[in-house]
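Heads up: the structure comes next, in structure tokens.
In structure tokens, the structure reads:
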């Protein structure tokens, strides 16, 4: 197959490298900044630097752009895509962009399948992309009405390049769960490091600090877009979290050891039930 | 030197194993449950199972008990300790117990030095203790008026058994910093996993979930004691955190992208300035 990857940052770059490493597919890279595309070509991450016209040769097109930019790209170049080709995004939100991309797929005759690779790093860009970024990670697919055989082609590719789990779900469930598993920890990490104590943590800190603060080194533009496009589920999770922190705080304030221990025990029980 | 370790859980057990692995000191283990002491002896983690009377042979006594239990132990058995011996705790709070232990040191003629090894795991007990638990970790010392040469003996032992940093501070600064670096992440982890989404996270989660939730599998009794004994600094940090989360939430609610990106950018800047 010919596979185009649009956007050669950490996500797109890692797709290219993984596809080259684990499959025989031909990889066409398209990137706004040409120097990055040339670097990817030199590194052997792609077989060819593409143009919008190259989309016509591709069986699968992976959009690795910011959410709205992915929609804009297809609006602009959708007419080049061949009939029956699979187009997938790799965005961290689904309700906000899947309907537009589904509509564009009908207009241009390609098949749109939403997807979200659950992997990343605290840093960005092609330089930190790697062939094994997706090793054992989860690949979430929101079919949005795509035919079974096309979904299977995409799921197979995901498994081949290292994903450990393929999870099929709806845009709604995806967004609700991602608000909890991914967006909430990012809000938390940023809020946490805003404490006046943070700049002096060295010598006083260990794994707990490291883990909670890790993702605070955030791409603020990307995550602002993700948070705003997923407002309702995220606000729901933030309210639940603030409420639970406040319960623990109130028990500490009241020196109510029994209630405090019960609240902490809930955490212990949830983790134990999950086998974690 | 003869070194006694009181309490053979993960912290005490790891001290025993590290001292045996990296030094020639003779290690005497004392534990409430005799079966654990016997297991430690069989494993070669200690040279001898001690009794309160054995304390008289020891140059250094490391208390690896819950905070109040450490004070109780010395109140009960302090008279056995030889003059000039070093007694240190390994507790996660300092203001609440250092004054009592300092007073007892004057009464019985030993030298008390507060300390806190910044290492641990999500699980407890001798079985998960290990000789390299303290590798590259920070060892916080609160001298509480102990003479320089005694502090140096303890600091040297810490470096020998693997600690990467020895940080000298006051009980007040220790407690204020630990509220942020250690206690806050534990409150957060428990509050986080209380979300109704948590039991269904698999397939939707990756490193962010794993890192924030890791320490939720908490020892609820121990941490209740630590939180209550460090109420004021912890409540201060909780208020700051809730305030910062709320600021981000309000920006999301108001769809104020500029303010939201600025708030997230603060997180990015703090981490970047720290080189993290």
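Residue numbers (UniProt numbering), protein chains in the order written: chain A, 1 to 276; chain B, 1 to 276. Note that CB positions come from ideal geometry on N, CA and C, so glycine has one too.
What residue range is occupied by the uninterrupted beta strand (DSSP E) comprising residue i?
i              : result
residue 23(A)  : No beta strand (DSSP E) contains residue 23(A), which DSSP labels as neither H nor E.
residue 44(B)  : First-last for residue 44(B): undefined, no H or E at that position.
residue 138(A) : 138-142
residue 116(A) : 111-117
residue 2(B)   : 2-6
residue 63(A)  : 60-63
residue 123(A) : Where residue 123(A) is concerned, there is no enclosing beta strand (DSSP E), given that its DSSP letter is neither H nor E.
residue 88(B)  : 86-88
residue 193(B) : No beta strand (DSSP E) contains residue 193(B), which is instead part of the alpha helix (DSSP H) from 184-193.
residue 51(B)  : Run containing residue 51(B): none; DSSP gives neither H nor E here.
residue 167(B) : 165-168
Could you please give the first and the last residue of the uninterrupted alpha helix (DSSP H) stretch that includes residue i?
i              : result
residue 100(B) : 98-108
residue 212(B) : 207-213
residue 302(A) : Residue coverage of chain A in this structure runs from 1 to 276, which leaves residue 302(A) outside it and unanswerable.
residue 174(A) : 171-178
residue 268(A) : 257-273
residue 151(B) : 148-160
residue 33(B)  : Careful: residue 33(B) lies outside any alpha helix (DSSP H) and carries neither H nor E.
residue 130(A) : Neither: residue 130(A) is in no alpha helix (DSSP H) and is coded neither H nor E.
Who are the near neighbours of residue i in its chain, counting only those whose CB is closer than 7 Å to its CB and skipping five residues on each side?
i              : result
residue 27(B)  : 3, 5, 16, 19, 20, 46 and 47
residue 71(A)  : 97, 100 and 101
residue 185(B) : 215
residue 263(B) : 247, 248 and 251
residue 105(B) : 87, 111 and 112
residue 233(B) : 175, 176 and 179
residue 222(B) : 66
Candidates the options: which alpha carbon is nearest residue i's?
i              : options                           : result
residue 53(A)  : 247(A), 65(A) and 73(A)           : 73(A)
residue 141(A) : 204(B), 266(B), 227(B) and 49(B)  : 204(B)
residue 40(B)  : 227(B), 9(B), 75(B) and 172(B)    : 9(B)
residue 201(B) : 202(A), 201(A), 175(A) and 88(A)  : 175(A)
residue 151(B) : 92(B), 60(B) and 135(B)           : 60(B)
residue 93(B)  : 226(B), 122(B) and 129(B)         : 226(B)
residue 272(A) : 69(B), 123(B), 273(B) and 221(B)  : 123(B)
residue 196(B) : 196(A), 237(A), 209(A) and 224(A) : 237(A)
residue 136(A) : 158(A), 35(A) and 126(A)          : 158(A)
residue 253(B) : 270(A), 224(A) and 76(A)          : 224(A)
residue 154(A) : 267(A), 90(A) and 206(A)          : 90(A)
residue 51(A)  : 171(A), 25(A), 42(A) and 78(A)    : 78(A)
residue 230(A) : 35(A), 187(A) and 206(A)          : 187(A)
residue 259(A) : 260(B), 266(B) and 220(B)         : 220(B)
residue 64(B)  : 129(B), 103(B) and 38(B)          : 129(B)
residue 199(A) : 194(B), 206(B) and 267(B)         : 267(B)
residue 269(A) : 62(B), 194(B) and 76(B)           : 194(B)
residue 274(A) : 11(B), 126(B), 209(B) and 76(B)   : 209(B)
residue 169(B) : 114(B), 62(B), 35(B) and 235(B)   : 114(B)
residue 256(A) : 58(B), 228(B), 149(B) and 257(B)  : 228(B)
residue 126(B) : 156(B), 1(B), 34(B) and 173(B)    : 34(B)
CB-CB under 8 Å to residue i, same chain, minus the five flanking residues each way: which ones, in chain order?
i              : result
residue 189(A) : 212, 213, 214, 215, 216 and 218
residue 44(A)  : 20
residue 37(A)  : 8, 29, 30, 31, 46 and 49
residue 192(A) : 198, 212, 213 and 216
Among the residues of its own chain, which have a CB less than 6 Å from the CB of residue i, if the five just before and after it don't count?
i              : result
residue 133(A) : 14 and 119
residue 138(B) : 118, 165 and 167
residue 131(B) : 17, 18 and 21
residue 56(A)  : 80 and 82
residue 12(A)  : 5 and 64
Would you say residue i touches the ligand ZN, meaning its beta carbon is less than 7 Å from a heavy atom?
i              : result
residue 105(B) : This structure lacks the ligand ZN; in fact it carries no ligand of any kind.
#### Entry: the stretch 104-119 of chain A in contact with the stretch 154-171 of chain A per 3-pair CB rule at 8 Å
yes
#### Entry: Interfacial residues, the stretch 38-62 of chain A to chain B, with Cβ spacing under 8 Å
none
### Query
Going along the chain, which residues of the stretch 263-276 of chain B sit with their C-beta nearer than 8 Å to a C-beta in chain A?
Here the close residues are 263, 264, 265, 266, 267, 268, 270, 271, 272, 273, 274 and 276.
### Task
Count the C-beta pairs between the stretch 177-185 of chain A and the stretch 133-152 of chain B that are closer than 8 Å, then say yes if the count reaches three, no if not.
no
### Contact between the stretch 227-245 of chain B and the stretch 232-251 of chain A (3+ Cβ pairs under 8 Å)
yes
### Message
Any C-beta of chain A within less than 8 Å: which residues of the stretch 183-199 of chain B qualify?
### Response
184, 185, 186, 187, 188, 189, 190, 191, 192, 193, 194, 195, 196, 197, 198 and 199
### Selection of the stretch 220-235 of chain A by Cβ proximity to chain B, strictly under 7 Å
220, 221, 223, 224, 227, 228, 231, 234 and 235
### Task
Count the C-beta pairs between the stretch 84-92 of chain B and the stretch 105-112 of chain B that are closer than 8 Å, then say yes if the count reaches three, no if not.
yes
### Task
May I ask you to list, following chain order, the residues of the stretch 81-107 of chain B that have a beta carbon less than 7 Å from some beta carbon of chain A?
none
### Query
Going along the stretch 206-217 of chain B in order, which residues come within less than 9 Å of chain A, judged by CB to CB distance?
Result list: 206, 207, 208, 209, 210, 211, 212, 213, 214, 215, 216 and 217.
### Task
Could you run through the stretch 134-149 of chain A and flag, in chain order, every residue whose CB is less than 8 Å away from some CB of chain B?
137, 138 and 140
### Task
Residues of the stretch 107-124 of chain A with a CB closer than 7 Å to any CB of chain B: list them in chain order, please.
118 and 119
### Interface positions of the stretch 1-20 of chain A facing chain B (Cβ-Cβ less than 9 Å), listed along the chain
none
### Query
Got a sec: which bits of the stretch 155-169 of chain B sit with their beta carbon under 7 Å from any beta carbon on chain A, in order along the chain?
165 and 167
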